[in-house]
Structures are given as structure tokens and as C-alpha cells.
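Residue numbers (our numbering), protein chains in the order written: chain G, 1 to 114; chain Z, 1001 to 1114. Cβ atoms here follow ideal geometry from the backbone N, Cα and C, with glycine treated the same way. The structure appears below as C-alpha cells.
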DNA sequence: ATGATATGATACCAATAGGTTTCGCGTCAA
DNA sequence: TTGACGCGAAACCTATTGGTATCATATCAT
């Protein structure tokens, strides 16, 4: 309830390479927009928009200092991604069991349908 | 070189909730398009497009069986995601060290600038 | 051979995404 | 107090996305 209008989720947020780079950049230290945008071949406004999307996903937090707005990483929402990803662990943690899975599937299916 | 025109990467592929659901569905078993599309409130063509995008990202593999095309999960490309994610582990594996990080940053900055 | 089935290809559409330029406003420095 | 600075908001543009309906083709069943 604390933050309405979560228009962008973490999956969308990291879909864009610029935004992934932003997260890497802001993991080192807090940074004002001007300094941030110096690292990207686009206008400050464009970077600012990316930052807003990251903010909506909860991946960055902002703080006003004088006329600056400083952004820093908040990695917490990445947990959701990590959890989602964990489900697929068994499918490549050992590829053998996955293969076995499909081979057995196939034997059953061949017998029934083909 | 084996696969040209990788128009979609794994980050984009999983950005869409329908496609994430598809991956979950296809992790259980190989499935033909018609059966797959039965699980979604959209046309078969739409589902087919999502499958193509997943295919471009290497996340599903297809196999022709008679007039069917059966799809199955290939989780391997998710490794890239997992690796990318691993970089951020330190930022929430123990939140204390992260906090410490910023506090120290801030002390230095206050001293220099404010 | 004929008709139903499974699918991909194609053309089309509205909404969103990613970018730009311009503008206004608060803050800092002279 | 007057600029310059840092930033977000707004209007705008084009390409992409997610969806549709329609069509062509290959395969299966009769």
C-alpha cells in the first residue's frame, strides 16, 4: 500500500540493457543524475526515465541533496527474480536427469500415440 | 554462428508474464501448440508468437511430430540470468554490509562536499 | 480423394517503449 | 538578485510489442 501504481515490475525493469548497466553502476555508489548520465550515450532525460522505471520496480531509491537527486541501488526486488529462477534449477543443475525425464516421457508417448 | 539473428535475448524473453508461464508449463512436459494455447486466454497465433520469441532466446526447443510441433523447455540460457544476478548477491545476502557500505560512503561525502 | 486438423506466415492494429527537444522550477554561487 | 545549474514534466516522434483475423500448407482420417 505504501507505493501505488507499480506500473513496471522487476522483470520488465531488467529487460533493457541500459537499465541493467544502471544497476551495475549504482551498486558501487550513490550518484546524482548528471554523473550517471555521463556514462550513457543518450540525453539526461532519457536516463532519468530509465531511473524512474527502475524506481517503480523498487530497484533504486532516490534522495534529494540540494539541487541534486541521488540514486542508489536497492537490490531487494531482485529476490523475486532469484526465486523464480530457482524453480528451474533442476533443469540444468544436472542435465542428465532432465534428459532422462524426457526420454521416459517419450517412451510412454510413443507407446500410446504413435 | 550456428544460430543467426538472435533478435531476442533471455532478458526480454522473460519480461512478459505469458512467456514466463509458458516456461513453467513446458518444464513439466513437451507439448504441441494446440494443447499449450488451451492454457491461455488468447489466440493460438499469439501463443505461437510467444513461443517463437522464447525459441529465439533459446529457452524452448521444437520438434515436429506429424502435423504437430511440440515444444519443450531448454533452461540453459537462464544461466546467463543467474550469473548476472549473482553479482548482486552481496547487496542482500546480508543487508548489514550493504548498509555499512553506504554509511561509509556518506561520511566521506559529507566531509568533502556538504 | 476429400475433408478436418495443426501449424506458421502474413497483414493489420492499438498501445507501449525508448528516445528527443523544450520548458519550468528549485537551488546554488557571484 | 541575477544567472547558471540540476532536475523532472510535457509534448512529440518512431519502432516495437502484443494482440487479432485470415490464409496457405502439410498431415491425418475416412
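- DSSP places residue 1073 of chain Z inside the beta strand (DSSP E), whose first and last residues are 1068–1073.
- Around the beta carbon of residue 1047 of chain Z, 16 or more other beta carbons sit within 10 angstroms, so the residue counts as buried.
- With a cut-off of 8 Å on Cβ pairs, the segment 48–60 of chain G is in contact with the segment 16–36 of chain G, counting three or more such pairs.
- Within 7 Å of the CB of residue 1040 of chain Z, no CB atom of chain G is found; the nearest one sits about 18 Å away.
- Here DSSP, grouped into helix, strand and coil, assigns residue 77 of chain G to coil.
- Excluding five sequence positions before and after residue 1080 of chain Z, the CB atoms of its chain that fall closer than 7 Å to its own CB belong to 1010, given in chain order.
- Per DSSP, residue 1062 of chain Z lies in no alpha helix (DSSP H); the unbroken beta strand (DSSP E) holding it starts and ends at 1060–1065.
- DSSP places residue 41 of chain G outside both helix and strand once states are collapsed to three, so it counts as coil.
- For residue 11 of chain G, the nearest beta carbon of chain Z is closer than 9 Å to its own beta carbon.
- With the rule of 3 Cβ pairs closer than 8 Å, the segment 1058–1066 of chain Z does not count as touching the segment 65–78 of chain G.
- By the CB criterion at 9 Å, residue 1020 of chain Z and residue 84 of chain G fall inside the cutoff.
- Think of a sphere of 7 Å around the beta carbon of residue 1015 of chain Z: the chain G residues whose beta carbon falls inside it are 11, 12 and 15, in chain order.
- Using a CB distance cut-off of 9 Å, residue 21 of chain G does not count as an interface residue toward chain Z.
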